[in-house]
Amino acid sequence: MNRILLIAQREFMAYAKTVGFWLSLLALPLFGVLGGAVPMLVRGADPIRAVVLIEEGPAATGLAAAVKNVLEADTERQAERTREAAEKAAAASGAPPGAAESAIASIGRQRMRFVDAPADLSVAAPGAAQDAVVRRYLTDDTPKDQRLDAVVFLTRTPEGPAARVWAARATDDTVEDFVRRALRDENRDTVLREAGIDRGVVERVDDFRPEINVFSPRSAGDGEVSFKDRLPGIIGLGFSFVLWSLIITGASILLNSVMEEKSNKILEVLLSSASATEILTGKVLGVAMLTLSVLVVWGGIGAVGLITAAPSTAADVASVLMADGLIFYFIGYMVGGYLMYAVLFAAIGAFCETPRDAQTLMGPIMMVLVVPLLVVQMALVNPDAPAVKFLSWVPFFTPFLMSARAPSGPPLIEIIGTMAGMFAVALLMVWLAGRAFRAGALSDVKLSWKSFGQAISGGGR
Amino acid sequence: MAALTLDGVSKRYGDFQAVKDLSFQVRKGAICGFLGPNGAGKTSTIRMILGLQSASAGTIDILGASDGRKVRDRIGFLPEERGLYKKMTPVEAIAFFGSLKGLPASEGKRRAREMLIAQGLGASQKKKMKELSKGMAQKVQLIASVVHRPEFVILDEPFSGLDPVNQQGLETVIRDLAANGATVLFSTHVMQHAERLCDQVVLMARGRKAFDGTVTEARATSRRFLELEGEISTEAVAALPGVTGVEVVSDNGGVRVLKGALASGARGQEALKTAFISGLDVRRFELKEPTLHDAFISLTGDHPDEDQSVARPASTPEIAR
Numbered sequence: 001m002n003r004i005l006l007i008a009q010r011e012f013m014a015y016a017k018t019v020g021f022w023l024s025l026l027a028l029p030l031f032g033v034l035g036g037a038v039p040m041l042v043r044g045a046d047p048i049r050a051v052v053l054i055e056e057g058p059a060a061t062g063l064a065a066a067v068k069n070v071l072e073a074d075t076e077r078q079a080e081r082t083r084e085a086a087e088k089a090a091a092a093s094g095a096p097p098g099a100a101e102s103a104i105a106s107i108g109r110q111r112m113r114f115v116d117a118p119a120d121l122s123v124a125a126p127g128a129a130q131d132a133v134v135r136r137y138l139t140d141d142t143p144k145d146q147r148l149d150a151v152v153f154l155t156r157t158p159e160g161p162a163a164r165v166w167a168a169r170a171t172d173d174t175v176e177d178f179v180r181r182a183l184r185d186e187n188r189d190t191v192l193r194e195a196g197i198d199r200g201v202v203e204r205v206d207d208f209r210p211e212i213n214v215f216s217p218r219s220a221g222d223g224e225v226s227f228k229d230r231l232p233g234i235i236g237l238g239f240s241f242v243l244w245s246l247i248i249t250g251a252s253i254l255l256n257s258v259m260e261e262k263s264n265k266i267l268e269v270l271l272s273s274a275s276a277t278e279i280l281t282g283k284v285l286g287v288a289m290l291t292l293s294v295l296v297v298w299g300g301i302g303a304v305g306l307i308t309a310a311p312s313t314a315a316d317v318a319s320v321l322m323a324d325g326l327i328f329y330f331i332g333y334m335v336g337g338y339l340m341y342a343v344l345f346a347a348i349g350a351f352c353e354t355p356r357d358a359q360t361l362m363g364p365i366m367m368v369l370v371v372p373l374l375v376v377q378m379a380l381v382n383p384d385a386p387a388v389k390f391l392s393w394v395p396f397f398t399p400f401l402m403s404a405r406a407p408s409g410p411p412l413i414e415i416i417g418t419m420a421g422m423f424a425v426a427l428l429m430v431w432l433a434g435r436a437f438r439a440g441a442l443s444d445v446k447l448s449w450k451s452f453g454q455a456i457s458g459g460g461r
Numbered sequence: 001m002a003a004l005t006l007d008g009v010s011k012r013y014g015d016f017q018a019v020k021d022l023s024f025q026v027r028k029g030a031i032c033g034f035l036g037p038n039g040a041g042k043t044s045t046i047r048m049i050l051g052l053q054s055a056s057a058g059t060i061d062i063l064g065a066s067d068g069r070k071v072r073d074r075i076g077f078l079p080e081e082r083g084l085y086k087k088m089t090p091v092e093a094i095a096f097f098g099s100l101k102g103l104p105a106s107e108g109k110r111r112a113r114e115m116l117i118a119q120g121l122g123a124s125q126k127k128k129m130k131e132l133s134k135g136m137a138q139k140v141q142l143i144a145s146v147v148h149r150p151e152f153v154i155l156d157e158p159f160s161g162l163d164p165v166n167q168q169g170l171e172t173v174i175r176d177l178a179a180n181g182a183t184v185l186f187s188t189h190v191m192q193h194a195e196r197l198c199d200q201v202v203l204m205a206r207g208r209k210a211f212d213g214t215v216t217e218a219r220a221t222s223r224r225f226l227e228l229e230g231e232i233s234t235e236a237v238a239a240l241p242g243v244t245g246v247e248v249v250s251d252n253g254g255v256r257v258l259k260g261a262l263a264s265g266a267r268g269q270e271a272l273k274t275a276f277i278s279g280l281d282v283r284r285f286e287l288k289e290p291t292l293h294d295a296f297i298s299l300t301g302d303h304p305d306e307d308q309s310v311a312r313p314a315s316t317p318e319i320a321r
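Here is the structure:
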């Protein structure tokens, strides 16, 4: 036992001392923060464009006002949606409504304002002279406080309203898109008006949003489905992805660690000091501690963040995890899944000195590992789909698929059966991998399906 | 009393017979050279002694145990292909391997520092292994294999890759280990080390034992020979009493160096006397004792530097018990 702990400790420390470990430890929280903050920062940093609208000719009269009306309507609609979203977020999370509203508002604010046309631009004769003035106002030739971001010339053609948009930056299509939408609305209003349909009728039709309430017999409370009812599925799916990521990361660390020891000729020295089982167990344990540390840190940061930002959601998550011992299922699937893949990867590593050597077996294994990733999303919508149920019984997929299915309350027989199958295969893998590890550690043969099979079956004894 | 006994040990990898019917004993406190060319079966035998591989037939007794794994804490092992964790310091590496053998970490570190200083590596104690030269790293690995003061030390090709100065240092280490009561078994294909160090040699060729005894006994299996220099013919030397198998070593404008074996019981002085009486132009006459190298060739018909591993199949992974 002492040797196992010594090997586990060395394995843990060897990685815990590396910069890569600390980077991976901080990566998820960092990306989480960046993922949320960056869009807000980008939006916040996006300048409000100064736009001039000019109607060209008497036929265009009213188009500028129509475009301005669309912007005002957008602003009002945005404000309304912001209020609604903030109220929903506050209700779901338990956070004060003000915080959510300001965050949502910062994303949804308008990106342009209309300004009066400068005098020289208003009086410039259409044609080359007018274009020259426009160019001047859109470039650095004009002081910053008087500079424009876009000038829009509105006209009316026999087909309908049209525009010529001058933009300071050729790649910025914000004004172009807005004007296109505004003129399309204006054209629609005109066409409907000419057809005798009142504008108010059109607005009522457009603004209608049917209220839909979803009910399910599996819903808690009065049967109406709420976010709280969807939370278990989301947690299951999330855990399944995290589990997949942790298992692949841990198993890959083991593969590389064993390969390094093989190429550095350390395995034979280790084997003279400890049994293959002790070495394998120690290494698997050491890397498990490593991945567990990552999980604890990620989980801890996530929990603190959730409790701070959305205390009621945090309470819901906690109750889901504790309900029917879901957390213990997750732990079981994590242990079984990690064991199966970790020992397999370690055994493969014992035959290899470089990642290229490992490709022969790793390629097909990684292809198989993609299957649960594809199926697990189906499990969220329909956890009882025949394909999902069938694949849940395949021990190599069980940890990922059953993690996603467990919150939806599958039959107990399926939970017990799949878990028993998974642990049976995990134990078989430990035994087989132990044999392959011993053989690979002392062998100089190149890894192939044949040599791996011979090692497992005891060939050459 | 024997520290190691092999009785009829064989090892087979698929169709390839690596070791066949090998029997020998090593007494406690002895230095035993396990000699033979590459591929003669030395490493396979060592792995069987350590319990890393199982014997296909026969029995092994080491330190009173039938399985080397049962007494692994009392054995020190330096494998042929060497390596340590590159990011560890020598002290950490030595203490780690010592702790795997049951040595407390603090004691391991204390001994590591002491032994590194004794081996002239005091200044490299805090460097990473990857910063050390190959010779330094080999010394560290040797220390790591004996830091727990084992009763039985097995060194697989310990001299390979070392410069002459370090080879001499290693010979001293091996003598010191034996002087402190440890039994040492080391494999090599360089006979000179064995001649200088060993109380006992076991010669291996093509998986079989060719000889087991002392260096003197090994030499005695080969004939002494004469070396003569002068303007002399092969025929004239072959006519000398007791001289057989004459061959030309060199020919420098008629001045030749000739070498001939002395028949069993023949005396070199008789041959010299006859040469003078015959009026041969002998400018140098030397009576040479056979070396272990000569003995090996005489016993096996093979050369100890040749590679005998070519027949070993590469597709047979080994599995231990």
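Each protein sequence line maps, in turn, to chains A and B. The first sequence begins at 1 in the working numbering and counts up one residue at a time. The second sequence begins at 1 in the working numbering and counts up one residue at a time. Positions of the beta carbon are idealized from the N, C-alpha and C atoms, including for glycine.
Check, Outcome
"Which residues in the same chain have their Cβ closer than 6 Å to the Cβ of Asn256(A), if we skip the five residues on either side of it in sequence?", "none"
"Using beta-carbon positions only, say whether Val343(A) and Val242(A) come within less than 9 Å of one another.", "no"
"What's the gap between the Cα of Leu240(B) and the Cα of Arg72(B)?", "58 Å"
"Three Cβ pairs or more, each shorter than 8 Å: is that satisfied between the stretch 361-377 of chain A and the stretch 10-30 of chain B?", "no"
"Going by beta carbon distance, what residues of the same chain come within less than 7 Å of Arg69(B), once the five residues before and after it are set aside?", "Gly51"
"Between the stretch 21-30 of chain B and the stretch 83-101 of chain B, can you find at least three pairs of beta-carbon atoms closer than 8 Å?", "no"
"Closer than 9 Å between beta carbons: that is the criterion. Which residues of the stretch 64-88 of chain B meet it against chain A?", "Gly68, Arg69, Arg72, Asp73, Ile75, Gly76, Phe77, Leu78, Pro79, Glu80, Glu81, Arg82, Gly83, Leu84, Tyr85, Lys86, Lys87, Met88"
"What is the residue span of the alpha helix (DSSP H) that Val375(A) lies within?", "355-381"
"Quick check on Pro313(B): does DSSP put it in helix, strand or coil?", "Confidence in Pro313(B) is poor, its pLDDT being 43 and thus under 50, which makes the residue's placement unreliable; the coordinate value appears in the next sentence. Here Pro313(B) sits in coil by DSSP."
"For the stretch 265-283 of chain B, list every residue whose C-beta sits within 8 Å of some C-beta in chain A, in sequence order.", "none"
"Compute the beta-carbon to beta-carbon distance between Glu157(B) and Arg196(B), rounded to the nearest angstrom, for a pair I have assumed lies under 8 Å.", "With a Cβ gap of about 16 Å, Glu157(B) and Arg196(B) do not count as contacting."
"Given Gly434(A), which residues of its chain have a CB within under 7 Å of its CB, disregarding the five upstream and five downstream residues?", "Ala276, Thr277, Leu280"
"Should Leu203(B) and Thr234(B) be called a contact, given that it needs their Cβ atoms to be closer than 9 Å?", "no"
"By the DSSP assignment, the alpha helix (DSSP H) with Ser278(B) in it spans what residues?", "Element bounds for Ser278(B): n/a, residue is neither H nor E."
"Hey, could you find the ends of the beta strand (DSSP E) Asp172(A) is sitting in?", "That residue, Asp172(A), is in no beta strand (DSSP E); it is neither H nor E in DSSP."
"Where does Gly39(B) fall in DSSP's three states?", "coil"
"Can you name the residues that DSSP bridges to Arg27(B)?", "Ala2(B)"
"Specify whether the stretch 305-318 of chain A and the stretch 36-48 of chain A touch according to this definition: at least 3 beta carbon pairs, one from each stretch, less than 8 Å apart.", "no"
"What residue does the beta strand (DSSP E) around Lys70(B) start on, and which one ends it?", "First-last for Lys70(B): undefined, no H or E at that position."
"At least one CB of chain B closer than 9 Å to the CB of Glu268(A): is that the case?", "yes"
"Am I right that Asp149(A) and Val51(A) are in contact with their C-beta atoms under 8 Å? What's the rounded C-beta distance?", "6 Å"
"Going by beta-carbon coordinates alone, are Leu380(A) and Ala350(A) separated by less than 9 Å?", "no"
"Return helix, strand or coil for Thr249(A), following the three-state DSSP convention.", "helix"
"If you draw a straight line from the C-alpha of Asp120(A) to the C-alpha of Ala129(A), how long is it?", "10 Å"
"Out of curiosity, what's the CA-to-CA distance linking Ser222(B) and Leu121(B)?", "42 Å"
"Closer than 7 Å, Cβ to Cβ, to anything on chain E: give me those residues from the stretch 100-113 of chain B, in chain order.", "The question asks about chain E, but that chain is absent: this structure's protein chains are A and B."
"Measure the C-alpha to C-alpha separation of Phe12(A) and Val269(A) and round it to an integer number of angstroms.", "19 Å"
"Please classify Ile197(A) as buried or exposed, where buried requires at least 16 neighbouring CB atoms within 10 angstroms.", "exposed"
"List in chain order: all unbroken alpha helix (DSSP H) runs of 4+ residues lying wholly within the stretch 184-239 of chain A.", "199-207"
"How would you write the range of the beta strand (DSSP E) that Gly58(B) sits in, first residue to last?", "57-62"
"Look up Lys11(B) in the DSSP assignment and say whether it is helix, strand or coil.", "strand"
"Using only the alpha-carbon positions, how far apart do Gly282(A) and Leu100(B) sit?", "12 Å"
"Excluding the 5 residues flanking Arg219(B) on each side, which residues of the same chain have their C-beta closer than 8 Å to its C-beta?", "Glu289, Pro290, Thr291, Leu292, Asp294, Ala295"
"Would you say Glu261(A) lies against chain B (beta-carbon separation less than 9 Å)?", "yes"
"Nearest to Met129(B) by alpha carbon, out of Gln141(B), Arg74(B), Gly98(B)?", "Gln141(B)"
"Please identify, using Cβ separations under 8 Å, the residues of the stretch 40-54 of chain B that lie next to chain A, in order along the chain.", "Arg47, Leu50, Leu52, Gln53, Ser54"
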